Amino acid sequence: MLELGALHGDVMRVCEIGPGSGRYLDKVVQVCHPTSYEIYETAGEWRKWLVTTYKVTANATDGVSLASTPTGSVDLVHCHKVLQGLPIFDVCNYFKEMMRVLTDSGTIVFDLLTEGCMSKPYLQRWMAQPNSWIMSMVSKQFVIEYFTGEDFGLVGNFFITMKPGITEYFVFRLRTNA
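For the sequence shown, position 141 matches number 247 in the working numbering, and the numbering has no gaps at all.
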């Protein structure tokens, strides 16, 4: 995220979907020092802990929207290891919502399981997991076409470990700012 320019001093308002333990929240706060940080977290204990520890605003969540966040109000909207656990139409709703809440100069960052994450060894590892929480895989081409069709440009993408396999990250900005 840092190398692709998603984190910088002009990031004042942040919205994170599913921060869980706050692993990424903590890093974003350390680098950007935002004046406002909103979260959408479904786990009550994590939500309480994050609000107490980081003084973030916890919005009510319905698992498909960013309804409490005004249109065009955040500089960075991001989520990590969340979308893989959702049905594809919920993923697409979140895509729409991420675009809606973003400022004209903002950045969207998220990860998904794509075909690049499903080489035979990784697929075998995923399939060996009992009761895997993974519900969807989305093609890289679909993701790029979805965002470019809404005038967003792909700033970059990369893979990171997500045991037992890998996940692909995407960073998007409006084309005029990509």
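All C-beta atoms, glycine included, are put in the ideal place defined by N, C-alpha and C.
Only a predicted model underlies this, so the values are computations on that prediction, with no experimental measurement involved.
Query, Result
"Where Lys-251 falls, given that 16 or more other Cβ within 10 Å makes a residue buried", "The sequence shown places Glu at residue 251, rather than the Lys named in the question. Its Cβ having fewer than 16 others within 10 Å, Glu-251 is exposed."
"Alpha carbon of Leu-172 to alpha carbon of Leu-110, nearest angstrom", "24 Å"
"Beta-bridge partners of Ala-164, as assigned by DSSP", "Ile-145"
"Opening and closing residue of the alpha helix (DSSP H) in which Ile-240 lies", "Looking at the DSSP string, Ile-240 is not in any alpha helix (DSSP H), and its letter there is neither H nor E."
"Nearest to Asp-181 (by Cα), restricted to the options Trp-239, Phe-253 and Tyr-143", "Tyr-143"
"Which of helix, strand or coil DSSP assigns to Gly-212", "strand"
"Cα-Cα separation, Ser-238 to Asp-210", "37 Å"
"Spatial distance of Phe-265 from Gly-178 (CA atoms)", "29 Å"
"Backbone CA spacing between Arg-129 and Phe-278 [nearest angstrom]", "21 Å"
"Cβ-based burial, Glu-122 [other Cβ within 10 Å; buried from 16]", "buried"
"Secondary structure of Asp-217, DSSP reduced to three states", "strand"
"Local conformation of Glu-122 per DSSP, three classes", "strand"
"Inter-stretch contact at 8 Å, needing at least 3 Cβ pairs: the region 184-196 / the region 216-225", "yes"
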